[in-house]
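FYI, the numbering for the sequence shown is 251 to 548, going by this note's numbering.
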Amino acid sequence: MSSEHPPVEPAVGGEGEARGESPGLAPPVEDPAPSAMTDPASAILDSAEAALVRGVDASAAVREAAEVALDAERRTGSHVDILTRLQQDEVVSAFIKLSDQFLGAQGFTEHGFRHANLVGRIANNVLRHLGADEDLCELAAIAGYMHDIGNVVTRANHGLSGAWIAYDALRRLEVDPYRIGLVLSAVGNHEEQYGSSIGPVGAAVILADKADVHRSRVRKGADTTADIHDRVNDAVTHSFLRVDADAATITLELTLDTDRSTVIEYFEIFLERMIMCRRAARTLGCDFLITANGVPLG
Ligand SMILES: [Fe+2]
Ligand SMILES: [Fe+2]
251 MSSEHPPVEP AVGGEGEARG ESPGLAPPVE DPAPSAMTDP ASAILDSAEA
301 ALVRGVDASA AVREAAEVAL DAERRTGSHV DILTRLQQDE VVSAFIKLSD
351 QFLGAQGFTE HGFRHANLVG RIANNVLRHL GADEDLCELA AIAGYMHDIG
401 NVVTRANHGL SGAWIAYDAL RRLEVDPYRI GLVLSAVGNH EEQYGSSIGP
451 VGAAVILADK ADVHRSRVRK GADTTADIHD RVNDAVTHSF LRVDADAATI
501 TLELTLDTDR STVIEYFEIF LERMIMCRRA ARTLGCDFLI TANGVPLG
């Protein structure tokens with residue numbers, strides 16, 4: 251078995267972040283100045299919700315999920331059967347699509363099928379390269395794919411709401427209750443504000459999720475000079491989670507364009523997540539290391 255991930259580009263990833271806000275917290279909603287207000291009819295007509303109701307149904311989301319999944323499979327070299335079933339599930343597909351739209355409206359980075367597929371496949375790869383049973387690898391893929399689905403309800407506590415959405419989906423797929431329980435705990439514990447690394451499935455999801463910081467997550471039109479989260483994501487041109495079972499290390503290898511942001515800015519907003527990654531790696535019996543532009547940190 252190879253001790254390394256297949257290349258992942260854009261690789262592994264982290265959580266999304268609100269522009270100008272602490273990671274994981276929704277930005278404050280400010281009342282627009284009267285002069286900035288549009289008329290209600292235009293506001294409603296132009297809303298993401300109206301566009302979605304007009305132009306997208308669940309079957310379209312299923313097609314989109316499958317297309318993005320193929321791309322993620324090509325990048326990670328990881329094929330996971332259960333993901334195919336989840337990608338074909340209308341409720342799961344619609345909720346991931348809506349989660350991404352809702353977070354986009356709040357100023358967060360990409361949280362759609364790209365992020366879901368990469369986190370699922372990379373979580374699977376992490377356990378696979380450490381020699382885990384196939385069952386655990388597949389559960390990590392399931393949990394990784396659905397870890398952010400709770401954002402369809404609210405950003406706050408989306409790990410908890412997501413767990414119950416995952417429960418419903420997995421019951422419909424007739425997954426056995428003990429396996430469902432492992433997925434629920436991984437989804438429910440992936441956020442640094444309240445999550446704990448309590449087992450290998452959840453640890454793999456944490457590592458895969460928090461490492462997904464990459465310029466492909468920055469929304470089109472975002473002002474990367476004004477917002478540190480967009481700027482840091484935009485600066486990351488390559489992110490790779492290297493698993494070395496023999497050395498018992500998991501290394502996040504980052505390549506940053508230092509003309510766009512700096513390593514200091516990266517840690518300014520992601521320190522808490524890196525600490526969570528270190529704990530997750532320990533759960534897997536590994537040390538967590540970070541390199542930036544080839545230089546080991548810490
Ligand atoms: Fe995430
Ligand atoms: Fe999340």
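C-beta: ideal position from N, C-alpha, C; glycine also.
Beta-carbon proximity of residue i to residue j, cut-off 8 Å
i: S435; j: G412; result: no
i: L491; j: L502; result: yes
i: V342; j: N374; result: no
i: V455; j: V486; result: no
i: R523; j: S447; result: no
i: I500; j: A531; result: yes
i: A498; j: C536; result: yes
i: R364; j: E323; result: no
i: L348; j: I392; result: no
Identity of the residues DSSP links to residue i by a beta bridge
i: I500; result: V493, F538
i: T505; result: H488
i: D383; result: DSSP lists no partner for D383.
i: V402; result: According to DSSP, which records beta bridges pairwise, V402 is partnered with nothing at all.
Check: residue i C-beta below 7 Å from any heavy atom of ligand 1
i: V369; result: yes
i: H408; result: no
i: H329; result: no
i: D473; result: no
i: H397; result: yes
i: D459; result: yes
i: H379; result: no
Coil, strand or helix - residue i by DSSP
i: A283; result: At A283 the pLDDT is 44, less than 50, meaning the model places this residue with poor confidence; the figure from the coordinates comes in the next sentence. Here A283 sits in coil by DSSP.
i: L336; result: helix
i: D462; result: strand
i: V545; result: strand
i: N407; result: coil
i: H440; result: coil
i: I448; result: coil
i: H365; result: helix
i: A472; result: coil
i: V482; result: helix
i: L295; result: helix
i: P277; result: Confidence at P277 is low in this model, with a pLDDT of 41, below 50, so its placement is unreliable and the value that follows should be read with caution. Residue state, collapsed to three classes: coil.
i: G327; result: coil
i: T512; result: coil
i: E522; result: helix
Proximity test, residue i beta-carbon vs ligand 3 heavy atom, cut-off 7 Å
i: H365; result: Judged by which ligands are present, ligand 3 is missing from the structure shown, whose ligands are ligand 1 and ligand 2.
Anticipated Cβ contact below 8 Å, residue i with residue j, distance rounded
i: V369; j: H397; result: 6 Å
i: E515; j: V545; result: Actually they are not in contact, since the Cβ atoms of E515 and V545 sit about 16 Å apart, beyond 8 Å.
i: Q351; j: L302; result: 7 Å
beta-carbon residue i near ligand 2 non-hydrogen atom, thresh 7 Å
i: L360; result: Reading the sequence as shown, one finds Glu at residue 360 and not Leu. For ligand 2, not one heavy atom lies less than 7 Å from the Cβ of E360.
i: E522; result: no
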